[in-house]
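Visitor:
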DNA sequence: TTGTATGCAAATTGTTTGCATACCC
DNA sequence: GGGTATGCAAACAATTTGCATACAA
């Protein structure tokens with residue numbers, strides 16, 4: 001995907017993308033940086049940010065912005081629902097086959113040329129409900 | 133709503149909330165500040181931010197975070213879909229009655245105590261498609 | 001060999017905070 | 001009158017940028 005766009009395939013880019021594919025935790029840029037630090041001691045935060053921007057532009061990764069907390073990144077390319085706990089900040093994925101149909105309706109009704117979607121429910125997860 | 137929570141009703145709070153109810157443009161904090169400036173020359177940005185945080189906590193207003201651009205605020209309390217143009221940054225609302233049913237399903241399947249939801253499609257709006 | 005990607009550090013942007021004064025209740 | 005909300009300015013945090021060097025093609 002990189003080389004077919006005339007971009008270079010570097011260890012940093014590969015490792016960041018592989019890390020996103022390997023986890024379901026929707027990490028922040030800093031969490032990715034910390035996680036890859038041991039394997040690539042030289043890697044800088046700037047490279048993580050630049051690479052993430054690139055992956056988002058290529059449509060391989062989805063950027064999740066929240067009001068306060070730092071951005072998170074999602075390597076799951078399929079349309080799905082994010083459920084976010086406002087206490088522990090964890091995010092769970094939920095598959096929902098209806099979303100494809102919804103996208104078609106939205107496209108027709110709005111006239112937009114759609115390039116992505118994002119669905120989020122938030123509240124308190126079962127774990128945190130129990131804890132008090 | 134404010135007074136019933138022991139909070140004070142001030143001109144600033146009222147005007148910010150009224151402004152959000154009066155517009156469909158999903159303004160940023162700064163846009164709200166600029167818009168109210170003429171009527172309240174003394175109002176500060178800090179007050180806008182503090183008030184918005186308060187309104188979000190009260191559940192009257194929804195905070196929309198994006199990856200890069202500044203946060204936007206939505207006074208529409210009903211579950212709906214946002215369609216965002218990645219070229220001109222405008223956001224349109226779309227009603228979708230299915231969302232209520234979806235929320236119920238999500239609540240059951242996840243065990244979360246839900247407090248809100250957000251749905252976003254993005255792409256290029258009809259206007260911007262024409263322009264090139 | 002050529003030029004793009006990296007790493008570092010400084011700059012930038014949106015947002016938050018601390019504190020003295022104003023003003024709602 | 002008591003105490004919270006405001007306005008101002010400084011502080012903060014996440015992200016971006018500029019530039020010299022490293023390295024993929």
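Residue numbers (my numbering), protein chains in the order written: chain A, 1 to 132; chain B, 133 to 264. Even glycine gets a Cβ: it sits at the ideal position worked out from N, Cα and C.
#1: Out of B/146, B/141 and B/152, point me to the one whose CA is closest to residue 207 of chain B's CA.
#2: Closer than 8 Å by beta-carbon distance: list the chain A residues that pair up with residue 247 of chain B, in chain order.
#3: Measure the C-alpha to C-alpha separation of residue 91 of chain A and residue 105 of chain A and round it to an integer number of angstroms.
#4: When the distance is taken between beta carbons, is residue 81 of chain A closer than 7 Å to residue 26 of chain A?
#5: CB-CB under 6 Å to residue 125 of chain A, same chain, minus the five flanking residues each way: which ones, in chain order?
#6: Residues in its own chain within less than 6 Å of residue 243 of chain B by CB, not counting five upstream and five downstream?
#7: Report yes if the C-beta distance between residue 181 of chain B and residue 161 of chain B is below 7 Å; otherwise report no.
#8: Against residue 71 of chain A, what residues of chain B qualify as contacts under a CB-to-CB distance less than 7 Å, listed in chain order?
#9: Any beta-carbon of chain A closer than 7 Å to the one on residue 172 of chain B?
#10: Can you tell me whether DSSP reads residue 88 of chain A as helix, strand or coil?
Guide: Well, looking at it:
#1: Within the second chain, numbered from 1, the residue matching residue 207 of chain B stands at position 75. That would be B/152, whose Cα lies nearest to the Cα of residue 207 of chain B.
#2: Residue 247 of chain B sits at position 115 when you count from the first residue of the second chain. In chain order: 86, 122, 123 and 124.
#3: The residue you call residue 91 of chain A lines up with position 91 of the first chain. The residue you call residue 105 of chain A lines up with position 105 of the first chain. Taking the straight line from one Cα to the other gives about 27 Å.
#4: Mapped onto the first chain, residue 26 of chain A falls at position 26. Mapped onto the first chain, residue 81 of chain A falls at position 81. Result no, Cβ atoms of residue 26 of chain A and residue 81 of chain A do not sit closer than 7 Å.
#5: In the first chain, the residue the question calls residue 125 of chain A occupies position 125. The answer, listed in chain order, is 85.
#6: In the second chain, counting from the first residue as 1, residue 243 of chain B sits at position 111. Closer than 6 Å at Cβ, skipping near neighbours: no residue.
#7: In the second chain, counting from the first residue as 1, residue 181 of chain B sits at position 49. In the second chain, counting from the first residue as 1, residue 161 of chain B sits at position 29. For residue 181 of chain B and residue 161 of chain B, yes; Cβs fall inside 7 Å.
#8: Numbered from its first residue, the first chain carries residue 71 of chain A at position 71. Within chain B, the residues near residue 71 of chain A are 199.
#9: Taking the second chain and counting its residues from 1, the one referred to as residue 172 of chain B is at position 40. Answer no: the Cβ-Cβ gap between residue 172 of chain B and chain A never drops below 7 Å.
#10: Sequence index remark: in the first chain, residue 88 of chain A carries index 88 (1-based). Residue state, collapsed to three classes: coil.
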